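J.: I'd like to ask you about the structure that follows.
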Amino acid sequence: MDDRKQKLNHMMDHLEDFTKEYCDFLPADIPELFSFPTTVEFLRNHVSPNVPFVLRNGVSHWPAIKKWKNNQYLRVQMQDKMCTVAVTPNGYADAIVDDKFVLPEERTMPFTEFLDEMESPRESRVFYLQKQNNCLADEFSSLLNDVDTHIPWATDAIGDLPEAANFWLGDKRAVTSLHKDNYENIYCVIRGCKEFLLYPPVAVLWMPYETFQKSEYYFEDDEFKIKDLNAKLSSINELKFVEWRLKNINTHQLVARISLENTSVKWIPFDPEFPDFRKYPMLLQIRSYKVILKQGDVLYLPSLWFHHVRQSHSCIAVNYWYEMKYDGKYPFFYLMDKLGQLSISSTIKDTPESEEESESRSENSISGCHE
Numbered sequence: 001m002d003d004r005k006q007k008l009n010h011m012m013d014h015l016e017d018f019t020k021e022y023c024d025f026l027p028a029d030i031p032e033l034f035s036f037p038t039t040v041e042f043l044r045n046h047v048s049p050n051v052p053f054v055l056r057n058g059v060s061h062w063p064a065i066k067k068w069k070n071n072q073y074l075r076v077q078m079q080d081k082m083c084t085v086a087v088t089p090n091g092y093a094d095a096i097v098d099d100k101f102v103l104p105e106e107r108t109m110p111f112t113e114f115l116d117e118m119e120s121p122r123e124s125r126v127f128y129l130q131k132q133n134n135c136l137a138d139e140f141s142s143l144l145n146d147v148d149t150h151i152p153w154a155t156d157a158i159g160d161l162p163e164a165a166n167f168w169l170g171d172k173r174a175v176t177s178l179h180k181d182n183y184e185n186i187y188c189v190i191r192g193c194k195e196f197l198l199y200p201p202v203a204v205l206w207m208p209y210e211t212f213q214k215s216e217y218y219f220e221d222d223e224f225k226i227k228d229l230n231a232k233l234s235s236i237n238e239l240k241f242v243e244w245r246l247k248n249i250n251t252h253q254l255v256a257r258i259s260l261e262n263t264s265v266k267w268i269p270f271d272p273e274f275p276d277f278r279k280y281p282m283l284l285q286i287r288s289y290k291v292i293l294k295q296g297d298v299l300y301l302p303s304l305w306f307h308h309v310r311q312s313h314s315c316i317a318v319n320y321w322y323e324m325k326y327d328g329k330y331p332f333f334y335l336m337d338k339l340g341q342l343s344i345s346s347t348i349k350d351t352p353e354s355e356e357e358s359e360s361r362s363e364n365s366i367s368g369c370h371e
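If you number the sequence shown the way the UniProt record's numbering does, the last residue is 371 and the count never jumps.
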C-alpha cells in the first residue's frame, strides 16, 4: 500500500471515530418540553449545543388552531387571492428523479381552487403550498392575525426577528426530500400531523452529495414531463428566491447549492425511507431521530441538521427562519463538508445487504403520522 493511500485510510478511521463520538454526545431521544423555555434555557440547552427539541402544545393558544380547522374560514379569509403552488406527479418536489434534480411545476392559482384540489385530490397530481420566501407575510397576509409574527422565546434568545415566516399546506403524498438549512428553524403545526426524520450535522461527512442536471416538471398533453433547464435561472420566481437568499445568508453557501452559472445542482440521492446501507454503510453509524408533530406542537430544528418531512393530508404548518450565528461552528461544519467529499468517494460500497442493515431499513422507515 502506498504512503498516500495509507494516510487516507488513517484519516478515514479518524473520521469514523469522530462520527461515533459525536453521536455519543447526542441525546438518546429528542427532548420534549411542556412549557416555554426561558431565554437562558433555550440558548444553553439547545442553540449552543445545536440540539433539537419538541415543545408540545407550544402554539395551542393561537387563534389559528381553531379557525384553520375549517376550510370555509380559509376560503372567506383568502377569497380568490393568488398563491404559488408546487405541482408534481408523485409528491416529490426538489428531488432526484431519473438521475436528475427535478423542481416542481409552479402554478399561480386562486387559493380557493387550491383548496378544491385538497378536498378532491386527483391521481398523479400532487399540489403543495411550499413557496417559502416569507410567503406568510406576502401571499397569506390575510391569515397573519391568527398566528404570532414571531416566536417570543426564540426572538429574545437570538436577539432578532425571524428573517422569514412561511406557510405550508399540502397533500399527504407531498414529501420534502433530505436536505439542510442554514437557519434556526421554529416549525409549528397548526392542523394535522408532520413527520420529521432528522440527522445531526456530523452526517455531512457521509452524506452522498452528487451533482445532477437541473430540471423541472411541466404538464403537457394531460401528463407530466421533465425538461432540462438552460444555463440561466428558469423563472422570475426562482431568480427572486435566489436573490432573496443571497441577501440574507452567508455568501459561502446556498440552499441546494444551486449554481447561478450552470445547470448543475448538488443534492443528496439518499432516501431515508428506502435507505441503501449497502452503498452508504457509514450512515448506519449516525444516530437518526423520528419526530412526530401533532396539532399545536413546535419543533426547534437547529441550523445544519438534515431533515426529511412527510405529512398527513391537508396538514397546515407555519415556520420561522432565524439567522444562524456564523461563529466557529460554521467553518467547523464547512471543514466537515469538505472532508465528507473525500470520505464518500472512499467508502461507497456495493455489497449484499446484511440482516442488520435490513432491520435498520425497517426501523428507520417513516410511519406513524396517520389521519
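By construction, the Cβ of each residue, glycine as well, lies at the ideal position given by its N, Cα and C atoms.
Nothing here was measured: the structure is a model prediction, and the numbers come from that model.
1) Taking C-alpha atoms, which residue in L74, C83, D24 and Y217 lies nearest to Q285?
2) Where does G159 sit, in a helix, a strand or coil, going by DSSP?
3) Could you pull the start and end residues of the alpha helix (DSSP H) that V204 belongs to?
4) Indicate the three-state DSSP secondary structure (helix, strand or coil) for N145 in the structure shown.
5) What residues in its chain sit with their C-beta under 6 Å from that of F196, if we drop five residues either side in the sequence?
6) In angstroms, rounded to a whole number, what distance separates the CA positions of G192 and S314?
7) DSSP puts K180 in a beta bridge; with which residues?
8) Of the residues Y187, N50, P200 and V298, which one's Cα is nearest the Cα of T19?
9) Quick one: what does DSSP say Y22 is sitting in, helix, strand or coil?
10) Figure out for me which residue from W153, D148, E105 and H150 has the closest Cα to the Cα of residue 415.
11) DSSP puts W168 in a beta bridge; with which residues?
12) Counting pairs of beta carbons, one from the segment 81 to 89 and one from the segment 213 to 224, are three or more of them closer than 8 Å?
13) Exposed or buried, T176, counting other C-beta atoms within 10 Å across all chains shown (16 or more means buried)?
14) Would DSSP call L197 helix, strand or coil?
15) Is K232 helix, strand or coil by DSSP?
16) Among residues of its own chain, excluding the 5 on either side of N9, which ones have a beta-carbon nearer than 7 Å to its beta-carbon?
17) For P152, count the other beta carbons within 10 Å of its own beta carbon; 16 or more makes it buried, fewer makes it exposed. Which is it?
18) Hey, out of F127, Q79 and T84, whose CA is closest to T112's CA?
19) So the candidates are M109, I30, D116 and I158; which of them puts its Cα closest to the Cα of L43?
20) To the nearest angstrom, how far is the alpha carbon of K172 from that of D3?
21) DSSP puts W267 in a beta bridge; with which residues?
22) What is the DSSP secondary structure of Q132, reduced to helix, strand or coil?
23) Could you check if V102 is buried or exposed, using at least 16 other CB atoms within 10 Å of its CB as the buried criterion?
24) So the candidates are D327, S142 and Y330; which of them puts its Cα closest to the Cα of V76?
25) Count the other CB atoms, across all protein chains shown, that sit within 10 Å of the CB of E216; report buried if there are 16 or more and exposed otherwise.
26) Could you tell me which uninterrupted alpha helix (DSSP H) segments, each at least 4 residues in length, are contained entirely in the segment 77 to 135, listed from first to last along the chain?
27) List the residues that DSSP assigns as beta-bridge partners of N185.
28) Leaving aside the five residues before and after V204 along the sequence, list all residues of the same chain whose C-beta is less than 6 Å from its C-beta, in chain order.
29) Helix or strand or just coil, what does DSSP make of I190?
30) List the whole-angstrom C-beta distance separating A174 from Y128, where the pair is believed to meet the contact cut-off of C-beta under 8 Å.
31) Give the C-beta separation of I30 and Y209 to the nearest angstrom, bearing in mind that I take them to be a contact with Cβ-Cβ under 8 Å.
32) With a threshold of 16 other CB atoms inside 10 Å of the CB of P162, please say whether the residue is buried or exposed.
33) Going by other Cβ atoms of all chains shown within 10 Å of its Cβ, with 16 needed for buried, is S120 buried or exposed?
34) If H150 sits next to Y320, beta carbons under 8 Å apart, how far is it from one beta carbon to the other, in whole angstroms?
35) Does the Cβ-Cβ distance between E139 and K81 come in under 8 Å?
36) To the nearest angstrom, how far is the alpha carbon of Q132 from that of N166?
T.: On the basis of the data shown:
1) Among L74, C83, D24 and Y217, the Cα nearest to that of Q285 is on D24.
2) Coil.
3) Run containing V204: none; DSSP gives neither H nor E here.
4) N145: helix per DSSP, three-state reduction.
5) Cβ within range, chain order: V291, H307 and V309.
6) Cα-Cα distance, rounded: 7 Å.
7) Bridge partners of K180: none, in fact.
8) It is P200.
9) Correct three-state label for Y22: helix.
10) For the chain, the structure presents residues 1 to 371; residue 415 sits outside this window and is missing.
11) For W168, which the question treats as bridged, DSSP gives the partners A317.
12) When Cβ pairs closer than 8 Å are counted between the two stretches, the segment 81 to 89 is seen to touch the segment 213 to 224, the count reaching three or more.
13) With 16 or more other Cβ atoms within 10 Å, it is buried.
14) Correct three-state label for L197: strand.
15) Because the pLDDT at K232 is just 47, under 50, the model does not fix this residue reliably, and the value given afterwards should be weighed accordingly. Of the three classes helix, strand and coil, the one that applies to K232 here is coil, per DSSP.
16) For N9, where only same-chain residues beyond five positions count, there are no Cβ hits under 7 Å.
17) The residue in question, P152, is exposed, as its Cβ has fewer than 16 Cβ neighbours within 10 Å.
18) Just measuring C-alpha positions, the residue of F127, Q79 and T84 sitting nearest T112 is Q79.
19) If we check each option's Cα against that of L43, I158 comes out closest.
20) The straight-line gap from Cα to Cα measures roughly 53 Å.
21) Per DSSP, E210.
22) Correct three-state label for Q132: coil.
23) Classified as buried, V102 has 16 or more neighbouring CB atoms from the shown chains inside 10 Å of its CB.
24) Of the listed residues, the one whose Cα sits closest to V76 is S142.
25) With 16 or more other Cβ atoms within 10 Å, it is buried.
26) Counting only unbroken stretches of 4 or more residues, the alpha helix (DSSP H) elements lying wholly within the segment 77 to 135 are 111 to 119, in sequence order.
27) For N185, which the question treats as bridged, DSSP gives the partners L301 and W321.
28) Within the same chain, and ignoring the five residues on either side of V204 in sequence, the residues whose Cβ sits closer than 6 Å to its Cβ are M336, D337 and G340.
29) Here I190 sits in strand by DSSP.
30) Indeed, because the Cβ distance is near 4 Å, the residues count as touching under 8 Å.
31) Between I30 and Y209 the beta-carbon gap is near 25 Å, outside 8 Å, which marks them as no contact.
32) P162 is buried by the Cβ-count criterion.
33) Here S120 is exposed: its Cβ has fewer than 16 other Cβ atoms, across all protein chains shown, within 10 Å.
34) That belief holds up - the Cβ atoms of H150 and Y320 are roughly 6 Å apart, short of 8 Å.
35) At a Cβ-Cβ threshold of 8 Å, E139 and K81 count as neighbours.
36) Spanning the two alpha carbons is a distance of roughly 5 Å.
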